[in-house]
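Visitor: Please find one structure pasted underneath; my questions will follow.
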Amino acid sequence: MFPSFRIGSLVLDNATVLAPLAGISNLPFRLLAKEKGCALVCSEMVSAKGLLFQSQKTLRYLDNAPEEKPLSVQIFGAEADSMAAAAKIAESAGADIVDINFGCSVRKVVKTGAGAALMKDAENAEKILKAVRQSLSVPLTIKIRSGWDASGRQALAIARMAEDCGADAVTVHPRTALQGFRGNADWSLIARVKEKLSIPVIGNGDIVRAEDAIRMKSETGCDGVMIGRAAIGSPWIFSRILALEKGEKIHPADPEMHFDMMLRYLRDSVRYLGEKNACFIMRSRLGWLSKGLPRSSAFRDAIRQITSEAEAVEKISDFRRLLCEKES
Ligand SMILES: Cc1cc2nc3c(=O)[nH]c(=O)nc-3n(C[C@H](O)[C@H](O)[C@H](O)COP(=O)(O)O)c2cc1C
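For reference, each letter of the sequence shown is one residue, going 1042 to 1369 in the numbering used here.
The structure is reproduced here in structure tokens:
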């Protein structure tokens, strides 16, 4: 049910995709998802302008590692020329796919004409799609919402336009721009887009448990499933989807897996972000990975002030020991 599928020239091992998640899907996080079987990981959204101006902060979003490949880099912007140039920069930095953001509904982005604003400006959307397609030799994808209003007509029109302009896949997060994250994702729109396109359609929105991914695929006929929020605290959702697909039973996550993942996430974050920044971020992230474990709220309190990698390792070891002792 989740066989390999193609995005342009790229063959993916299975049909699970990690969503672009601003502030979260950086290199260390993507490595966790990859290790748990995710076939395609996506970067956080990257400003086309930032890349063109060679902002060091923006360029760092392009950092990548061989173990996470293939990698999709998502760019956002509203001008065809700068988007085409940014796409080229992303490709040169190692992107195996370039994705265009048609879904961000944050005011700061939308007011520049980028993100979800492109869904109501078909003329500019087409210019961008054509320019980016021409500049790239790797596959091109787009990630859309339903549109501005609830009709879904904009999603269908933009998805068709993307295919006509040479895009290789479309991801649909079926909520309107105005909805933000409220309400439910309308999976029937994913099915409607799938019916209209020949290129692969990746469904996204409200996959909370592995079972939801299987259900989305059978209800909509989508070629792939993209997972965002559920992967943040449970990167193992990918391996669970793959296990379910093979007909295997899935069991509650083993505490040892939580601990191993925390340690790896910490180590890679320190390597990638430096100890000070990594520890600051890990104060919340390690807590997310402890969700579902007994006594996790005490652990979250304990890591709230960590300032060094050694201290974080110690807190994780204390927690591990506490749970092991309780079990024995
Ligand atoms: C913290 C956060 C950051 C996000 N950043 C991006 C982004 O950079 N680009 C994008 O296209 N969507 C972004 N999204 C939307 C997700 O990719 C996804 O479409 C949405 O969360 C619905 O999927 P889910 O129900 O699996 O979370 C973000 C969502 C969250 C919660």
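All C-beta atoms in this analysis are idealised placements derived from N, C-alpha and C, irrespective of residue type, glycine included.
Taking only the alpha-carbon atoms, compute the straight-line gap between residue 1130 and residue 1070 and give it to the nearest angstrom.
Guide: Linking residue 1130 to residue 1070 through their CA atoms gives a straight-line distance of about 22 angstroms.
Visitor: For residue 1085, does the three-state DSSP call read helix, strand or coil?
Guide: Three-state result, residue 1085: strand.
Visitor: Given 8 angstroms as the limit, tell me if residue 1085 has its C-beta closer than that to any heavy atom belonging to ligand 1.
Guide: yes
Visitor: Are the Cβ atoms of residue 1226 and residue 1247 separated by less than 9 angstroms?
Guide: Going by C-beta atoms, residue 1226 is nearer than 9 angstroms to residue 1247.
Visitor: Going by the C-beta, is residue 1248 closer than 8 angstroms to any heavy atom of ligand 1?
Guide: yes
Visitor: Ligand 1 and residue 1315: does any heavy atom of the ligand fall closer than 8 angstroms to the residue's C-beta?
Guide: no
Visitor: Mind checking who residue 1245 pairs with in its DSSP beta bridge?
Guide: 1267
Visitor: Please find out if some non-hydrogen atom of ligand 1 comes closer than 8 angstroms to the beta-carbon of residue 1175.
Guide: Result no, Cβ not under 8 angstroms from ligand 1.
Visitor: Would you kindly report the start and end of the unbroken alpha helix (DSSP H) that includes residue 1199?
Guide: 1194-1205
Visitor: For residue 1072, which residues of its own chain have a beta-carbon under 8 angstroms away from its beta-carbon, when the five flanking residues on both sides are left out?
Guide: 1106, 1108, 1109, 1305, 1309
Visitor: May I ask you to check if the CB of residue 1062 is nearer than 8 angstroms to at least one heavy atom of ligand 1?
Guide: yes
Visitor: Which two residues bound the contiguous beta strand (DSSP E) that contains residue 1183?
Guide: That run of the beta strand (DSSP E) goes 1181-1188.
Visitor: Using CA atoms only, rank isn't needed, just tell me which of 1262, 1136, 1068 is closest to residue 1239.
Guide: 1262
Visitor: Looking only at C-alpha atoms, which of 1113, 1145, 1173 sits nearest to residue 1218?
Guide: 1145
Visitor: Does residue 1365 pass the burial test, meaning 16 or more other C-beta atoms within 10 Å, or should it be called exposed?
Guide: exposed
Visitor: Are three or more beta carbon pairs between the stretch 1181-1196 and the stretch 1153-1160 nearer than 8 angstroms?
Guide: yes
Visitor: Please go through the stretch 1271-1319 and give each complete alpha helix (DSSP H) segment of 4 or more residues, from N-terminal end onward.
Guide: For the stretch 1271-1319, whole alpha helix (DSSP H) runs of length 4 or above, ordered along the chain, are 1278-1286, 1296-1314.
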